[in-house]
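In our numbering, the protein residues as written are 43 to 446.
Spelled out as structure tokens, the structure:
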């Protein structure tokens, strides 16, 4: 075993590999860090997918090698660990830069890991168990062939094949024994993983995200537009949403409500193409801060048309904070936080007509009734997302992990 500095039960090492496009996971990881810092000495160990882009990026061959085992990432991890004296580590996404080397280092050091699952890695090549509008749950059972054939990772069959081989090797290595507690963000997600036999039930815990709600219900407006907030990727239902707005235009003509799409990602070009033919679609790009708050404050409703098994759906929290109704897919953890007819409406994942029906229903709902729906969401948020309750539950999970 590799020697390390004296460990502190109060010190935690927080590990996260940022994505190329910032999304809800990064937002909640930052909140988790801030919340845990109220009870623990927190040290970051961050990696960034952007490190493998641009002129300074490692060669293609070197990236492939580091995907399996990145010695530089391990060195950075161990340096952060030694400096922090952490008695445990909290992992989120570690791919591709962090690599399985982090699990190996933790195992050799006897460092217990609490692994948050914001998507379906490390059990899925693409992380979503979904491609081309179809669910691919095979990966939970250890079969990655369909994901590979479809190019689930970075739209490349070759890269997906390498990722699949890496996952196979990781699961056979025994390095995941360093993970003493797996944390899913919804009961749905936990049940799918346990039912598939991917992990032992005793080590998988549900802990929904906490939220720092606004102290008072903000003064909201209804400017009549609908808002999509999220990464522009297939799993978020971007294409069915665009198709729905074309159908709405065909039905309503100049009475079609505006759709504002906020976010960035691989499907940004598809959105640009669609708005050229449909004047009722508007692309905002990545928004944050006051611009984002204003966009939510003035919308009629937030749309969450995810087609994958959405682990939870942080954008629903953001909508509820501003007392806005949510039109969501009946997808994964969204079923646990969106109440049909109470806090919003739901449609089948990928169902274009279902989205259209929800929008038409919201358009036909009187303004006063829409306010009631929005306020119900706000009450749910205040009741269900206490940071103090989240911290208490995390401490229970951490205690169990460190005892292991």
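A virtual CB, placed ideally from N, CA and C, is assigned to each residue, including glycine.
Computed from a predicted model, the values in this text were never measured in an experiment.
query                                                                                                                                                                           : result
Would you list the residues sitting across from residue 345 in a DSSP beta bridge?                                                                                              : 369
Kindly indicate which residue of 107, 248, 189 and 184 has the alpha-carbon position closest to the one of residue 353.                                                         : 248
Apply the 10 Å Cβ neighbour rule to residue 251 and answer buried if 16 or more other Cβ atoms are within range, or exposed otherwise.                                          : buried
As a quick exercise: from 77, 315, 356 and 396, pick the residue whose alpha carbon is nearest that of residue 372.                                                             : 396
Does residue 327 come out as helix, strand or coil in the three-state DSSP assignment?                                                                                          : strand
Beta-carbon of residue 442 versus every beta-carbon of chain B: anything under 7 angstroms?                                                                                     : Chain labels in this structure do not include chain B; a single protein chain is all it has.
Among the residues of its own chain, which have a CB less than 7 angstroms from the CB of residue 108, if the five just before and after it don't count?                        : 100 and 141
For residue 45, which three-state DSSP category applies?                                                                                                                        : At residue 45 the pLDDT is 47, less than 50, meaning the model places this residue with poor confidence and gives no usable figure here.
What does the alpha-carbon distance come out to for the pair residue 104 and residue 388?                                                                                       : 45 angstroms
Of the choices 122, 381 and 76, whose alpha-carbon is the least far from that of residue 88?                                                                                    : 122
Give the list of continuous alpha helix (DSSP H) stretches no shorter than 4 residues that lie fully inside the region 397-446.                                                 : 409-426 and 429-445
Would you report the Cα separation of residue 325 and residue 367, rounded to the nearest angstrom?                                                                             : 21 angstroms
Going along the chain, which unbroken runs of the beta strand (DSSP E) with 3 or more residues stay wholly within the region 152-208?                                           : 155-159
Name the DSSP bridge partner or partners of residue 82?                                                                                                                         : None; residue 82 has no bridge partner.
Rounded to the nearest angstrom, how far is the Cβ of residue 337 from that of residue 269, given a contact under 8 angstroms?                                                  : 6 angstroms
Can you give the Cα-Cα distance for residue 429 and residue 63, rounded to whole angstroms?                                                                                     : 26 angstroms
With 16 as the cutoff for other CB atoms within 10 Å, does residue 246 come out buried or exposed?                                                                              : buried
In chain order, what residues of the same chain have a beta carbon less than 7 angstroms from the beta carbon of residue 84, not counting five sequence neighbours either side? : 54, 56, 75 and 78
Can you list the alpha helix (DSSP H) stretches of 4 or more residues lying completely in the region 203-263, in chain order?                                                   : 229-237
Taking the continuous alpha helix (DSSP H) assigned at residue 357, which residues delimit it?                                                                                  : 356-363
Under the three-state reduction of DSSP, which class applies to residue 146: helix, strand or coil?                                                                             : helix
Could you check where the alpha helix (DSSP H) with residue 388 kicks off and where it finishes?                                                                                : Here residue 388 belongs to no alpha helix (DSSP H); instead the beta strand (DSSP E) covers 386-389.
So, is residue 243 buried or exposed, given that buried needs 16 or more other C-beta atoms within 10 angstroms?                                                                : exposed
Between 198, 203, 180 and 218, which lies nearest to residue 155 when the distance is taken from Cα to Cα?                                                                      : 218
Looking only at C-alpha atoms, which of 143, 91 and 369 sits nearest to residue 359?                                                                                            : 369
Residues in its own chain within less than 7 angstroms of residue 193 by CB, not counting five upstream and five downstream?                                                    : 199 and 202
With distances taken from CA atoms, which of 93, 380, 71 and 355 is nearest residue 415?                                                                                        : 380
Quick check on DSSP: helix, strand or coil for residue 74?                                                                                                                      : helix
Who are the Cβ neighbours of residue 45 in its own chain at under 8 angstroms, not counting the five residues just before and after it?                                         : Confidence is the limiting factor: at residue 45 the pLDDT is only 47, short of 50, which leaves the residue's position unreliable and the question unanswerable from this model.
Tell me the rounded alpha-carbon separation between residue 262 and residue 386.                                                                                                : 17 angstroms
Kindly give me the distance between the Cβ atoms of residue 134 and residue 71, rounded to whole angstroms, as I take these residues to be in contact under 8 angstroms.        : 5 angstroms
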